[in-house]
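Following numbering that gives the first Met the number 0, the numbering of the sequence shown begins with 0 at its first residue and continues without gaps. Reviewing the structure listed below.
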Amino acid sequence: MGGNAVYAATGARVWSSSVGIVSRVGSNYPKEWILSLRDAGIHIEGIRVLEDPYDTKTFYAYISEEERIDVNPAAHFLRIGHHLPKELLDYQSSTENQDDRNNLEPLAIRPSDIPSIAMHAHAAHLSPAHFLTHAIVPVKLREFRIPLITLDPSLRYMKPGFQDDLPVILHGLDVFLPSESEARAFFCPAEPDRWEMAEAFGSMGSRFVVIKCGANGQYIWDKDGHRKWHVPAYPVKVKDVTGAGDTYCGGFLVGLDQTCDIVEAALRGAVSASIAVEGFGPLYTLETMPGLAHARLEVLRPAVREL
């Protein structure tokens with residue numbers, strides 16, 4: 000089991016007992032996986048099971064802890080001298096067509112998928128998804144008067160051809176949370192530094208910008224206050240970085256909702272991510288010792304630097 004939204008939910012669940020997922024899955028999606036989320040204390044009312052089956056597998060090959068590929072598995076297995084697993088024979092990408100400006104794939108979230116219970120939510124995070132989902136779903140969330148909305152973009156539309164489109168998503172957004180590689184892909188072939196990228200995204204409409212840099216921490220830009228901070232990553236022995244950025248976003252969302260402090264939010268995100276990368280799978284994050292997250296929070300807080 001995996002997926003951006005699942006990892007984000009577990010990252011949030013580290014700090015809150017009131018977390019839910021909105022998602023679409025095919026009829027072939029294992030019911031026991033959905034029930035395992037419920038058993039982990041995550042509300043599943045927003046998971047819609049469609050009538051038809053859909054493939055939700057994802058392929059990742061890690062070049063390093065900071066770089067991975069998720070397309071063309073045949074080339075990867077050829078490079079390392081292994082046969083392509085039969086499960087990947089027809090695999091293209093788990094993010095196919097996420098840069099389509101006009102059409103939604105069957106598994107893409109629509110405004111009509113947002114359950115009425117969302118009206119009681121304090122905050123919402125949009126995990127990487129189709130461009131159209133990111134463009135139209137926040138409108139529905141604002142109709143529900145959800146006061147805090149954060150968004151992690153899809154790499155598929157973080158490219159120069161979307162420079163006129165990205166402001167549609169960022170306008171009115173509370174926090175934009177791209178990875179450094181996504182941010183650099185958007186500005187390619189130019190090579191602005193992290194703060195120049197953050198300020199550019201802020202000028203498109205997001206109140207705060209957080210550029211996630213993996214082991215190098217996070218760089219935070221406050222557009223209105225013209226302030227910037229660096230929050231380091233919590234040092235741990237890494238086993239699997241899959242979902243680390245999503246887990247970060249979940250912890251970040253709860254932190255900002257609970258404290259109204261962007262730095263405290265980033266600290267909670269960093270702690271959630273530090274737990275996630277120590278094991279495998281999204282539910283590992285919720286299997287840690289009681290008190291561990293708060294202990295790491297206290298250790299990490301003095302390392303924050305305002306720049």
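Backbone N, C-alpha and C define an ideal beta-carbon position, used for all residues, glycine too. This structure is a prediction, so every number in the text was calculated from the model and none was measured.
Residue i in three-state terms, based on DSSP
{"i": "A39", "result": "coil"}
{"i": "G204", "result": "coil"}
{"i": "A264", "result": "helix"}
{"i": "K211", "result": "strand"}
{"i": "V138", "result": "helix"}
{"i": "R300", "result": "helix"}
{"i": "I116", "result": "helix"}
{"i": "I79", "result": "coil"}
{"i": "E95", "result": "coil"}
{"i": "E190", "result": "coil"}
{"i": "E179", "result": "helix"}
{"i": "E341", "result": "Here the chain has residues from 0 to 306 only, and residue 341 is not among them."}
{"i": "Y6", "result": "helix"}
{"i": "Y283", "result": "helix"}
{"i": "R109", "result": "coil"}
{"i": "M196", "result": "helix"}
Same chain, Cβ closer than 6 Å to residue i, neighbours up to 5 away in sequence not counted
{"i": "P52", "result": "G25, S26 and N27"}
{"i": "M312", "result": "Outside the modelled stretch of the chain, which goes from 0 to 306, sits residue 312, for which no answer is possible."}
{"i": "A123", "result": "L140, I145 and I148"}
{"i": "L255", "result": "A264"}
Beta-carbon proximity check, residue i vs residue j, cutoff 8 Å
{"i": "V18", "j": "I41", "result": "yes"}
{"i": "I116", "j": "V136", "result": "no"}
{"i": "K238", "j": "G278", "result": "yes"}
{"i": "G313", "j": "Y90", "result": "There is no way to answer for residue 313, as the model of the chain reaches only from 0 to 306."}
{"i": "P127", "j": "D151", "result": "yes"}
{"i": "A351", "j": "G2", "result": "No statement about residue 351 is possible, as the shown extent of the chain runs from 0 to 306 and does not include it."}
{"i": "V208", "j": "W220", "result": "yes"}
{"i": "K158", "j": "F175", "result": "no"}
Same chain, Cβ closer than 8 Å to residue i, neighbours up to 5 away in sequence not counted
{"i": "F130", "result": "Q97, D98, D99, R100, S153, R155, Y156, F161, D164 and I168"}
{"i": "A269", "result": "G216, Q217, V230, P231, A232, Y233, Y247, G250 and L299"}
{"i": "V138", "result": "P110"}
{"i": "F143", "result": "I113, A117, M118 and A120"}
{"i": "L103", "result": "R109, H129, L131 and T132"}
Minimum C-alpha distance to residue i - residue among the options
{"i": "A272", "options": "L291, R37 and D260", "result": "L291"}
{"i": "R304", "options": "H293, V5 and L266", "result": "L266"}
{"i": "W14", "options": "I20, L306, L296 and P110", "result": "L296"}
{"i": "I62", "options": "V48, I43 and P72", "result": "P72"}
{"i": "G224", "options": "G213, S205, P159 and V240", "result": "S205"}
{"i": "A214", "options": "Y283, P159, F186 and E64", "result": "E64"}
{"i": "E86", "options": "A11, D54 and E95", "result": "D54"}
{"i": "G317", "options": "P191, R183, E179 and G171", "result": "Examination of residue 317 is not possible in this model, given that the chain is present from 0 through 306 alone."}
{"i": "L49", "options": "F58, D151, T57 and K30", "result": "K30"}
{"i": "D177", "options": "P159, R141, D245 and P188", "result": "First, the amino acid is wrong: residue 177 is Pro here, not Asp. For the residues P159, R141, D245 and P188, the minimum Cα distance to P177 belongs to D245."}
{"i": "L282", "options": "R23, V21 and S35", "result": "S35"}
{"i": "S180", "options": "V174, E198, E195 and I210", "result": "I210"}
{"i": "I43", "options": "A8, F143 and T57", "result": "A8"}
{"i": "R183", "options": "E195, V174 and D173", "result": "E195"}
{"i": "I79", "options": "S92, A60, L88 and S93", "result": "A60"}
{"i": "L88", "options": "A74, T94 and E95", "result": "A74"}
{"i": "D38", "options": "A294, D260 and E286", "result": "E286"}
Sheet register partners of residue i (DSSP bridge)
{"i": "L147", "result": "A122"}
{"i": "I68", "result": "A60"}
{"i": "G290", "result": "Paired residues: none, contrary to the question."}
{"i": "I46", "result": "S22"}
{"i": "V174", "result": "T149 and F207"}
{"i": "I219", "result": "V209 and W228"}
{"i": "E104", "result": "Answer is none; E104 lacks a bridge partner."}
Same chain only: Cβ atoms within 7 Å of residue i, ignoring 5 sequence neighbours per side
{"i": "L306", "result": "K227, W228 and H229"}
{"i": "A120", "result": "I145"}
{"i": "H82", "result": "F76"}
{"i": "A302", "result": "P231"}
{"i": "I46", "result": "I20, S22, V24 and I33"}
{"i": "F58", "result": "D69, P72, L87 and Y90"}
{"i": "T284", "result": "T9, G10, V13, T246, S271, I274 and A275"}
{"i": "P166", "result": "M203 and G204"}
Residue-chain proximity (residue i, chain C), Cβ-Cβ < 8 Å
{"i": "L150", "result": "The structure shown contains no chain C; it holds only a single protein chain."}
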